[in-house]
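J.: The structure under discussion is supplied below as structure tokens; questions concerning it will follow.
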Amino acid sequence: PLGPNHAAAAEAVETAIPRGPSATAGGRVRHFWIQSATHVVVDVRFDESCVWPRKGEREAIVSVVRPRATVLQVALGEGSGGGRAREQYKLLLYLHDLVVPAESEVRLSFRRVRLVLKKQGAQRWPTVEKRSDGQEG
Numbered sequence: 041p042l043g044p045n046h047a048a049a050a051e052a053v054e055t056a057i058p059r060g061p062s063a064t065a066g067g068r069v070r071h072f073w074i075q076s077a078t079h080v081v082v083d084v085r086f087d088e089s090c091v092w093p094r095k096g097e098r099e100a101i102v103s104v105v106r107p108r109a110t111v112l113q114v115a116l117g118e119g120s121g122g123g124r125a126r127e128q129y130k131l132l133l134y135l136h137d138l139v140v141p142a143e144s145e146v147r148l149s150f151r152r153v154r155l156v157l158k159k160q161g162a163q164r165w166p167t168v169e170k171r172s173d174g175q176e177g
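Everything in the sequence shown is counted per my numbering, starting at 41 for the first residue and increasing by one.
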């Protein structure tokens, strides 16, 4: 599970992220997606050059799932004792179709975040993301 302050952090992330392209952390992070009839799965993987948050730092990983969009933010690098500012990785996806947030989940493992999004309808998506101009892409 995510940290105890996750709801407040998620609200702050959701309001702070501007509309625009997703961050890629200099090519050190990649994401891909797969789907079934009922779910879309977005898999985000961080390469070995990314300093992953420690086990007790669950607040460093924040996700927000809404019916039309999902946001993921990960604070990479040393925590407050490291002396350096953390690099913020943000992924913002405007989804092709609606998902059910209450039936979606976030799974964490070392250098990987998997967003399992429950589709509202059982149709095939041609792509995971809808561009801001309404086109698929």
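Where is the CB? At the ideal position from N, CA and C, for every residue including glycine.
Note that the structure is a prediction, hence the values are computed from the model and not measured.
From what residue to what residue does the beta strand (DSSP E) around Ser-83 run?
T.: Correcting the residue identity first, residue 83 is Asp in this sequence and not Ser. 79-86 is the extent of the beta strand (DSSP E) around Asp-83.
J.: For Ser-149, count neighbouring Cβ atoms within 10 angstroms of its own Cβ and tell me buried if that reaches 16, exposed if not.
T.: Exposed is the call here.
J.: So, for Val-154: in the same chain, excluding its five sequence neighbours on each side, which residues have a beta-carbon less than 6 Å away from its beta-carbon?
T.: Here residue 154 turns out to be Arg, not Val, going by the sequence shown. Cβ within range, chain order: Asp-83 and Arg-147.
J.: Compare the C-beta of Leu-112 with all C-beta atoms of chain D and state if any pair is closer than 8 Å.
T.: In the displayed structure, chain D is absent; only one protein chain is listed.
J.: Determine the direct distance from the alpha carbon of Ala-162 to that of Val-114, and round the result to whole angstroms.
T.: When rounded, the distance between both Cα atoms is 30 Å.
J.: Helix, strand or coil, according to DSSP, for Glu-97 in the structure here?
T.: Correct three-state label for Glu-97: coil.
J.: For Val-91, which beta-bridge partners are listed by DSSP?
T.: In the DSSP output, where bridge partners are listed per residue, Val-91 has none listed.
J.: If you measure between the beta carbons of Cys-90 and Val-69, is that distance less than 8 Å?
T.: Cβ atoms of Cys-90 and Val-69: closer than 8 Å.
J.: Give the single residue among Lys-159, Thr-78 and Arg-94 whose Cα lies nearest to the Cα of Arg-151.
T.: Selected option, being the one with the closest Cα: Arg-94.
J.: Alpha carbon to alpha carbon, what distance is there between Tyr-129 and Lys-158?
T.: Computed Cα separation, rounded: 24 Å.
J.: Just to check my reading of the structure: Leu-135 and Glu-88 have Cβ atoms closer than 8 Å, yes? What is that Cβ distance to the nearest angstrom?
T.: Contact flag wrong, Cβ pair sits at about 30 Å.
J.: Name the two residues that bound the continuous beta strand (DSSP E) containing Gly-158.
T.: Looking at the sequence itself, residue 158 is Lys, so the reference to Gly does not match. Lys-158 -> beta strand (DSSP E) spans 152-158.
J.: Please classify Ala-162: does DSSP put it in a helix, a strand, or coil?
T.: Coil.
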